[in-house]
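Enquirer: This is the structure I want to talk about, given as structure tokens.
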Amino acid sequence: MKTVLKKLASFIITVLLVTLFVFLAFELIPGDAATFRLGTNATPEALERLREELGLNRPFFVRYFTWLYSFFFGDMGQSLSYGVSVRSMLASKLPITITLTLMSFVMIVALSVPLGVLTSKYEDRMWARSLDALGQVTMSIPPFFLGIIIMYVFGMIIHAFTPGGFVSWQTDPVRFIGYMFFPSVAIALPKAAMSAKLLRTSILSERKLDYVRTAYSRGNSTMDVLYRHVLKNAIIPVITFLGMTLADTVAGSLVIEQVFSIPGFGRLLISSISNRDYPVVQSIIAIIAMIVIVINLIVDIMYRFMDPRMRERS
Amino acid sequence: MKDLMFRIRKNPELYTGAVIAAVISFILIAGFLFSPYDPNAMSAAEKFAAPSVSHLLGCDNFGRDLFTRLCVGGVTTLFIALATVSIGVVFGTIVGAFTGYYGGAVDEVLMRFNDAVLAFPSILLALVFISVFGSGTFKVIISLGIVFVPSFARIVRGEYLRCRNLDYVRSARLMGAGDLRIMFVHILPNTFPVLLSSTVIGFNNAVLAEASMSFLGIGVQPPDSSLGRMLSDAQAFLFSEPSYAILTGCTIAVIVLGFSLLGEGLKKHA
């Protein structure tokens, strides 16, 4: 119970620190919302009136907590370039980015666990070694380049999908998922190679430990030892890695969206940065940061469930 | 000779990585220094010219020599990565040394903040800084440099925490050495093995981060070129001229492959 409270406290502190950071960063940009809205030709009186109206001349921390409060209740202000509420702009994009992230994460897990187990089980075989080398090369390909290669091979030569032919999930959910498949592969492959390698090294070092010899001497088969003893311990560092990966995948999807012209968070974020549409940028970054912090909290809690040693230590 | 073979077999990553990293850096830097072509000289007649003796890898959509552009873009990418990592290492070492050596409340607060920053995907953090500072080569270096400080601070702090009560530090203290001298003359050299491998790994991440940002169009701005920027230009011609994108992408991939193997080998070696 005490640890849960401690975790919760540190979670709240992290949320406050990160949101404060995001808020502060955009405060540092010269010019405030009033100047942006009225332009450079506005009279000082008009600026002052709008500032009063928007509450821009209140103390920093008052503004910060007001912003935080309305952010959590879904009021993210108005877009400077489109004049519509940021919330309505983001509402239709969030599911796209989340789908992309989740699909690639499922692929990472589904690929890396079997691969890690197989390549460590048959570590001396030729095919296991070549897979390992292939993994090393895959890790070095930047996801956006992998995306371009996939687009060229599967989109332009094999015609497995139409590049740029994004279908919204509201029009056709099946084709939407179909279009998201290849972008997800581009995000997933390098990460899957990394986590397979991590699992492999982790299994190989666990296998040298005494408890494995004991398990063998009690008459367990190789399969038993591997699945019931070794894997349980070897998977723990991989869980940590996967947690970090999930956070990275959110960021990776921002870039991949650009490659495959998917109108998600990433494209909106990039165009808003170029347009200096700060309320939109601020909200997207704050939302992604929240997602990342929540993921980290979940991983931390899972960790405790998987590894009893962690529970005792704290 | 036998000794060398033995060493290579013991740590193949280190030697393969060193060779790949050295060769690709050498080619890029040599091309950057000695290429007879102006990387920005356009020539309509040579638009997408095929590889030939005069244009080793052919030309791009504006008839510019592709090999020269790859070298110039590659050197820009390497330079940005180097500058970024240097900022990260210098400031990270200073922060890590003080917090690790003295500990206490300042350490607590800074490390909490550090954890919060590290939880952020680095590209996202860089995007925050880019949207505050604006884009362009030097702004990218500063943005990415700040992003890299916390991870180095964490590594260096750990080393100082480990070393601050070791015998050699105690005896230096007995001999009357001041805190600053102990920190930077006695302990610092002992962090080098760990710091070196993380620097190479950090360099690699910087290459990837710069390439992603320039690919998104918010990093290096024309007329400067970097590999990420070129790849994003090349994507428009993917169907008609796939070799443009493939060559550019492969250059990034080879750099990353070389330095990631090197970093891993150094880690094993340390």
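Protein chains in written order, with the numbering used here: chain Z, 3 to 316; chain E, 3 to 272. Where is the CB? At the ideal position from N, CA and C, for every residue including glycine. Owing to the predicted nature of the structure, the values given are computational and were not obtained by experimental measurement.
#1: Please name the residues in the segment 93–126 of chain E whose beta-carbon is closer than 9 Å to at least one beta-carbon of chain Z, in chain order.
#2: Quick one: what's got a C-beta closer than 6 Å to S316 (chain Z)'s C-beta in the same chain, skipping five residues either side?
#3: Leaving out the 5 sequence neighbours to the left and right, which residues in its chain are closer than 6 Å to S122 (chain Z) when beta-carbon positions are compared?
#4: If you measure from the beta carbon of L259 (chain E) to each beta carbon in chain Z, is any gap under 8 Å?
#5: Relative to the alpha-carbon of P165 (chain Z), which residue among Z:W171, Z:Q172, Z:F183 and Z:T173 has its alpha-carbon at the smallest distance?
#6: Among E:H271, E:G267, E:A272 and E:I257, whose alpha-carbon lies nearest the alpha-carbon of L84 (chain E)?
#7: Going by DSSP in three states, S87 (chain Z) sits in which element: helix, strand or coil?
#8: Name the chain C residues that come within less than 7 Å of P185 (chain Z), Cβ to Cβ?
#9: Kindly provide the ranges of any alpha helix (DSSP H) runs that are 4 or more residues long and lie completely inside the segment 107–174 of chain E, ordered along the chain.
#10: Classify I303 (chain Z) as buried or exposed, calling it buried when 16 or more other Cβ atoms lie within 10 Å of its own Cβ.
#11: Is any beta-carbon of chain E found at less than 8 Å from that of Y66 (chain Z)?
#12: Pick from E:H188, E:L30 and E:N167: whose alpha carbon is nearest that of G75 (chain E)?
#13: Among Z:A249, Z:L256 and Z:V261, which has the Cα closest to the Cα of A236 (chain E)?
#14: So, at 8 Å on beta carbons, what are the nonlocal neighbours of I143 (chain E) in its own chain, with the 5 sequence-adjacent residues on each side left out?
#15: Could you name the residues of the segment 144–158 of chain E whose beta carbon sits closer than 8 Å to any beta carbon of chain Z, in the order they occur along the chain?
#16: Would you identify the three-state DSSP class for Q138 (chain Z), choosing helix, strand or coil?
#17: Classify Q223 (chain E) as helix, strand or coil using the three-state DSSP reduction.
#18: Is the segment 284–293 of chain Z in contact with the segment 9–28 of chain Z, if contact means three or more CB pairs nearer than 8 Å?
#19: Note down, in chain order, each residue of its chain lying with its Cβ closer than 7 Å to the Cβ of P195 (chain E), except the 5 sequence neighbours on either side.
#20: Please return the same chain residues whose Cβ sits closer than 6 Å to the Cβ of Y103 (chain E), not counting the five positions on each side in sequence.
#21: Name the residue from Z:S72, Z:V155, Z:V294 and Z:F168 whose alpha carbon lies nearest to the alpha carbon of F241 (chain E).
#22: In terms of alpha-carbon separation, which member of Z:L96, Z:W69 and Z:A253 lies closest to P281 (chain Z)?
#23: Please state if the CB of S83 (chain Z) and the CB of N235 (chain Z) are separated by a distance shorter than 8 Å.
#24: Can you tell me whether I172 (chain Z) is helix, strand or coil according to DSSP?
#25: My output table needs one value for D250 (chain Z): the three-state DSSP class, helix, strand or coil.
#26: Under 7 Å Cβ-Cβ, which residues of chain Z neighbour I254 (chain E)?
#27: Counting only beta-carbon separations shorter than 8 Å, does Q260 (chain Z) have a partner in chain E?
#28: Which term fits Y181 (chain Z), buried or exposed, when burial requires 16 or more other beta carbons within 10 angstroms of its beta carbon?
#29: L7 (chain Z) to R306 (chain Z), Cα distance in whole Å?
#30: Residues in its own chain within less than 7 Å of I143 (chain Z) by CB, not counting five upstream and five downstream?
#31: Please report whether the beta-carbon of L16 (chain E) lies at a distance below 8 Å from any beta-carbon of chain Z.
#32: For a cutoff of 8 Å on Cβ pairs, would you count M141 (chain Z) as touching chain E?
#33: How long is the line joining the alpha carbons of I26 (chain E) and C252 (chain E), rounded to whole angstroms?
Expert: Based on what the coordinates show:
#1: R114, F115, D117, A118, V119, A121, F122, P123, S124, I125 and L126
#2: Reliability of the predicted coordinates at S316 (chain Z) is poor, the pLDDT of 45 falling under 50, and the value obtained from them is presented with this limitation in mind. T5.
#3: R202, I205 and L206
#4: yes
#5: Z:F183
#6: E:I257
#7: strand
#8: Protein chains Z and E are contained in the structure displayed, whereas chain C is not.
#9: 124–135 and 139–165
#10: exposed
#11: no
#12: E:L30
#13: Z:V261
#14: I82, A85, T86 and I89
#15: none
#16: helix
#17: coil
#18: yes
#19: A272
#20: Y162, R166 and M185
#21: Z:V155
#22: Z:W69
#23: no
#24: Reading the sequence as shown, one finds Gln at residue 172 (chain Z) and not Ile. In this structure, Q172 (chain Z) counts as coil in the three-state DSSP scheme.
#25: helix
#26: P144 and F147
#27: yes
#28: buried
#29: 14 Å
#30: P192
#31: no
#32: yes
#33: 11 Å
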